[in-house]
Structures are given as C-alpha cells and as structure tokens.
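Notes to accompany the following structure.
Number of protein chains: 2
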Amino acid sequence: MKKLINKPEDVVTEALQGIAAAHPDLVRVHTNPNFLVRADAPVQGKAALVSGGGSGHEPMHGGFVGMGMLDAACPGEVFTSPTPDQMLEATKAVNGGAGVVHIVKNYTGDVMNFDMAAEMARGEGIEVESVLVDDDVAVQDSLYTAGRRGVGTTVLMEKIAGAAAEERRALKEVAEIARHVNSNGRSMGMALTSCTVPAAGKPTFEIGDDEMEIGIGIHGEPGRQRMKLKPVHEIVEMMAVAVVEDIPYAKGDEVLAFVNGMGGTPLIELYVVYNEVNKFLEGRGVKITRNLIGSYITSLEMAGFSITLLKLDDELTKLWDAPVKTPALRWGV
Amino acid sequence: MKKLINKPEDVVTEALQGIAAAHPDLVRVHTNPNFLVRADAPVQGKAALVSGGGSGHEPMHGGFVGMGMLDAACPGEVFTSPTPDQMLEATKAVNGGAGVVHIVKNYTGDVMNFDMAAEMARGEGIEVESVLVDDDVAVQDSLYTAGRRGVGTTVLMEKIAGAAAEERRALKEVAEIARHVNSNGRSMGMALTSCTVPAAGKPTFEIGDDEMEIGIGIHGEPGRQRMKLKPVHEIVEMMAVAVVEDIPYAKGDEVLAFVNGMGGTPLIELYVVYNEVNKFLEGRGVKITRNLIGSYITSLEMAGFSITLLKLDDELTKLWDAPVKTPALRWGV
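Going line by line, the protein sequences match chains H and G.
Under my numbering, the first residue of the first sequence is numbered 22, with each subsequent residue one higher.
Under my numbering, the first residue of the second sequence is numbered 22, with each subsequent residue one higher.
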C-alpha cells in the first residue's frame, strides 16, 4: 500500500487537523466526535445544512463547509458511515433556530444513522428535514444500498440548497429545493483502477491491465459491466446515454454538466472527457449552460470519472451562480 | 496504458477543445499554433503575462489564464516544450502596448524557445521581459535542465505577477516582482508512482511497490534518492528541511505553504501532508500565513506531492490576496 500517511488508523484525524490548520477563516474542526462547522456557525435565523459520510471522497463533504454551502460535515472513517452522535452534535452546533436539513447519500449505514440523529435532534426540539440523494443510474440496488446510490448530484445539491439557505429561505423550502435537485440530477461513474482503503491495506477489487468497470460506485461497488478499455468517446457515449435517458430531456433544455475525477485522474483527461460530453449533448440538442470539472467526489486514489447532469431551470441556475466560499468551491467572494 | 483518451496524438488538442467549450467566459483557445488567451485580450495598457511549457502538468498553465493571472498560455505536446511560433503568436495576441513578460520554467527546450520568441517579438516592436523560474532545490542539473528545475513556484509567480500587472504596474516592475517571487520561493517533490506519456505508452520510469523517489522532477526526472517508503512525517521532514534551509529563514518569518499533488494523489493525503508541513514549520518558528493545497502543477497521473515555500512580505501577501478569475484559481470575484 503506497500512501502518504503515518498510521492507517490516524488518516482521518490527521487530515482533519490539516484542514483545521489550513482554513481557520472558513471552518472550525470539532473532534470526538468529529465534525466540521463553518467558522461563523451557528448562523442565527438561517436553515442549516448538515451532510456527512465516509471519508475518502474528499473534498466532499468537509471541503464544502462554508458560506453558501454546508454548515457542517461529519466525516466517518474511510468508506464508513459517521455515527449518529457525530450527526447529532453537528446538528446542534449549527442550528440557528431555523432548523436543519440533513443531506443524506443513499447508503444503508448513512440513512440509518442520519435517521437516528434526526430523531434525537427532534427530541431536543430541533426541526430536521432529511433529503436523500439517489442519483446513480448505474444499478438499482448495490453492495451498501437499497435503491440507487447517492453520488455526484450530492455536490450540486449542497451548493444549490446552501445558496437557498443563505437567502434565508424557510427550512421546508430549502429541503424542497434540495429534493428538486435530486429529481433533476442523474449520474454514472467508471473506473480504470481500484483503490485501497488504508485500514484494509489491499485494493478493494482487482481489475485487469486492459479492463475498466462501467457503472462503478464510489466505494468500488460493482457496476454494470466489466469490459476492455475503449476510446473515451465510446465510454462517454455509453455513460451519457444512460444518464440522459433516465429523465425526459427535450431539445433546448439547459443542463449543468459535472465531469468529476475519482481521485487519481489527471485534469487533462477530465477535459478530454468534458469535450466528449459536450459533443454528445450538442448532438442531442441539450445545451450545457453551467459546468463543473474536477475531482470533487472521489474514491481515494481511484482513476476514473463520473458524469452528472443536472437539468436546470432559472431558479437552479441562479442558486448555482450565487456566491460560495468553502475550501473546495469558491466564487463571487 | 490506461487513459481516458481517444488517440494519443489527439490528447492535447482535445483537452484544449474541452477547455474552450467549458470556459468561453474566461479564455479563448487558438489552434495552429496552439495557445490560450484570456477572453478580453489584449488588455490595453496592461503588461501582459505569457507562460507555457509541455502539457501534462494541468491545470498549469492553461488553467491559470484569466483576470489577475496569465494573459496567455502556450501548451506543448505532453512533456515537450511549445514552439517559438506558439510563444510569438501568443505574445502578439496579448500585447496591449505595455509589453509582455515571459514566465519561463528552467528547462533547456523552454528556455531556448522562449528566447527565440522574445527575440522575434522584439523584432516586431514588442517589449519583452523574460523571467526564469528555477526553484527546485532537489538537484543542481537534471535530465532536461542546466541549473535548477522550475516547478511549484511558477504557480505562485503567475498569480502574484498577474496581480501586479492587473494594477497596471509597468512591465519592468512586474518582471521584478516575478523575479522576487523566484528569489523567495523554493520547492521539492517526491513520487510514489511513475506516469505514462500517452505517445510513449509505457511508464517514464520503473519504481518498486515499496519504493519512493525523493526530489523527483515534474517529468519524472531522477531526484535525490530512491528509498523505501516511509511514514509521511519522515518524508515531509526530509523535504521541508531541504526547502527551508536553502534560503535564510528567521523565527517569525511569514510563508506561503503550497502543498501540491502530482496528479494521482487524493486530497485526503494532501491534507495529511499539510498537517505535517504545518507542524514542521511551527517547530522552526516560521508562520504559515497563506496556503494553497491541491493539484496545480502535476505530472499526468503520478502519485506524489511537492512542497513549495514562498517567503512572504507585505507586498507579496497583498498581491496573492488580490482577486483572480481563471479556470483553476478563483477568488475575490
């Protein structure tokens, strides 16, 4: 196992220490239980957004804490759900009296633990709305999931719902906007290589030198098909067809195209992918009016990418464009 | 060779097409010869900044074209210098009457070609200042270099000199600030894995499953030492000592710490590295007042990192903080 770490059991803690040291202007890090909150939390009168999940997907979620996006993130161990007490303490820390939205990726452990945390928070008088992300069109059920997995749309939801909360919209309205993002967002991923969980010390799965896996999950869960490597225009075609045909698109529709690296993919390849996605959508008469290109929801050092398409309307576009100031996404300020 | 590409010979062109499609608000892409200019180029009365070099180091340099940073970037083939005609055409395209600064990383091909381009541009009446970056403390001469290689400080120079140019400072003053950045910046890199140039189809060098290379260059040039993998605190100590002792530092000095991923390194590991760099500098009484953490000057899919330390003064800090709006770096706007 080749990793830039000290001991496998200290990776998450030491990365959090690094974030705390690097971004004191943006976030505060709480340990035992582990969570990050935006530096000015709690923001009085604002609906707060809390997300979380296993570590190993950085910058998600900790890199998205700050003005205009998340109020708190709860990092679990690598590829392991955070615990209900992390989520509860984060929820209490960021509640500014206007309630808290939990953004939950659809994995069994995350769903169960966020449900428990929400119940406990409600028992302490905090209004909580839970929003599920289940945007991965690759497979219906998966290794850690009943239903579809939650993947790239999570990033877009955190940005857009965060902007709505920043406008001081009411809790239920922020949750509705988040659910609207989930309805309009679809994703699919692929991998060229596996990845190694530090505590495991060996690759999550084996894959041949000439093979790729189409429809992979962000924890290396099996996808739709293992096949020989193909030129990227064929790979994009396979994935984009599945993504774009999962919800109705009409000619002239506007879309946010998110080309995401899985952690070990160089940026030059992501731009080659984006070029193919752009050509594919042009061919269907769908217009990319916003985009995001980079490694934002990753699987440790896995090489590969995912495509997320979010069908836009004026409100989603406006909220996407709103200022954001987090360690990983920043514009307008 | 596992890459998200169509044909090896089309990678650079197709990545440029991807950039053109993704960022028309920020950059315009010119082909044959290949270069990118900021969308509003030429900016009248502003000293213009042009850089360039082999591709495979993305987002450097094309991702740094835009307001507050570069006016143009010239991408060569992967790990191959761009040609003088690219540099000349880019120089002519961005000259707004106040002259052009060439930011040149110290590699023999780049230096020779930028020298020729500068001569030709002067022949056409354009004032050109050339600034060399040679910040890599690892080795004195290298595979493609007489003297030290130009690495991470390039990114910081492009940001800081770009801010000075944006303030409409005179050409020679912008060049002086860039040289001051080079004087104050030092770097060193390391690799866990090799990388594969698409046209070569096989790894640039071989490295054992339990080995790392300390002092590696950004094209896989040999470093100081091949050794067994160590805990990251030992790796950082080795590298940071070499970087920080190359120029005089006194207790209380302020520094910009840039922890850079080589392309295949997950962000969680870069934060673990940053945590070690921070502890190391605290131990020496040097204060990190600014930082940059991410993959900004890369070597295709190589896993590894580099540390760049830039000793700050008030002016450098102010210029670093100035607004920037490029595909890869953005704040303040």
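Here a beta-carbon is modelled for each residue, glycine too, at the ideal position from N, C-alpha and C.
What's the C-alpha gap between H:Ala343 and H:Gly183?
-> 9 Å
Which first and last residues belong to the beta strand (DSSP E) in which G:Ala278 is found?
-> 275–282
H:Lys272 to G:Leu153, Cα distance in whole Å?
-> 50 Å
Could you tell me whether the Cβ atoms of G:Phe56 and G:Gly77 are closer together than 8 Å?
-> no
Per DSSP, G:Cys95 forms a beta bridge with which residues?
-> G:Gly73
For H:Leu321, which residues from the same chain have a beta carbon less than 6 Å from its beta carbon, with the 5 sequence-adjacent residues on both sides left out?
-> Gly77, Cys216, Gly284
G:Met233 in three-state terms, based on DSSP = strand
In whole angstroms, what separates the C-alpha of H:Tyr317 from that of G:Arg143?
-> 44 Å
Look at the alpha carbon of H:Leu313 and the alpha carbon of H:Leu291, and state the distance between them as a whole number of angstroms.
-> 10 Å
By a C-beta neighbour count over all protein chains shown, 10 Å radius and 16 as the cutoff for buried, is G:Met233 buried or exposed?
-> buried
Quick one: which chain G residues come within Cβ less than 7 Å of H:Lys24?
-> Glu290
Determine, using beta carbons only, whether G:Gly146 and G:Val64 come nearer to each other than 8 Å.
-> no
Which whole runs of the alpha helix (DSSP H) in the region 182–240 of chain G are 4 residues long or more, in chain order?
-> 192–205
Are any of the Cβ atoms in chain G nearer than 8 Å to that of H:Ala220?
-> no
Using 8 Å as the limit for Cβ to Cβ distance, is G:Thr310 near chain H?
-> no
Helix, strand or coil at H:Met10 [DSSP, three-state] | Residue 10 of chain H is absent from the structure shown; chain H starts at 22 and stops at 354.
For H:Pro269, does the count of other Cβ atoms within 10 angstroms reach 16, so buried, or fall short, so exposed?
-> exposed
So is G:Pro96 buried or exposed if we call it buried at 16+ other beta carbons inside 10 Å?
-> buried
Going along the chain, which residues of the region 55–82 of chain G sit with their C-beta nearer than 7 Å to a C-beta in chain H?
-> Ser76, Gly77, Glu79, Pro80
How about the region 122–136 of chain G and the region 158–178 of chain G: do they share at least three Cβ pairs that are nearer than 8 Å?
-> yes
Do the CB positions of G:Leu250 and G:Leu177 come within less than 8 Å of each other?
-> no
For G:His254, return the contacting residues in chain H, with the cut-off set at a CB-CB distance below 8 Å.
-> Asn27
Is there at least one Cβ from chain G nearer than 8 Å to H:Pro287's Cβ?
-> yes
Tell me where the alpha helix (DSSP H) around G:Glu336 begins and ends.
-> 335–342
Would you please verify whether the beta carbon of G:Arg351 is less than 8 Å from any beta carbon of chain H?
-> yes
Would you say H:Cys85 faces chain G, with C-beta separation under 8 Å as the test?
-> Note that residue 85 of chain H is Phe in the sequence shown, not Cys. Judged by the 8 Å Cβ criterion, H:Phe85 is not in contact with chain G.
Residues bridged to G:Gln246 (per DSSP) = G:Ile235
Would DSSP call G:Met88 helix, strand or coil?
-> strand
Check whether the Cβ atoms of H:Leu164 and H:Glu227 sit closer than 8 Å, and answer yes or no.
-> no
What are the residues that DSSP puts in a beta bridge with G:Arg312?
-> What sits at residue 312 of chain G in the sequence shown is Asn, not Arg. Partner(s): G:Ala278.
Alpha carbon to alpha carbon, how far is H:Leu302 from H:Ile309?
-> 8 Å
Cα separation between G:Val71 and G:Met108?
-> 8 Å
For G:Val32, go through chain H and note every residue whose CB falls closer than 9 Å to its CB, in chain order.
-> Ile289, Glu290, Val293
For chain H, find out if any of its Cβ atoms is closer than 8 Å to the Cβ of G:Leu47; answer yes or no.
-> no
In chain H, which residues lie with their C-beta within 9 Å of the C-beta of G:Gln107?
-> Near G:Gln107 there are no residues of chain H at all, since even the closest Cβ is about 17 Å away, more than 9 Å.
Please confirm whether G:Gly244 and G:Phe326 have their CB atoms less than 8 Å apart.
-> no
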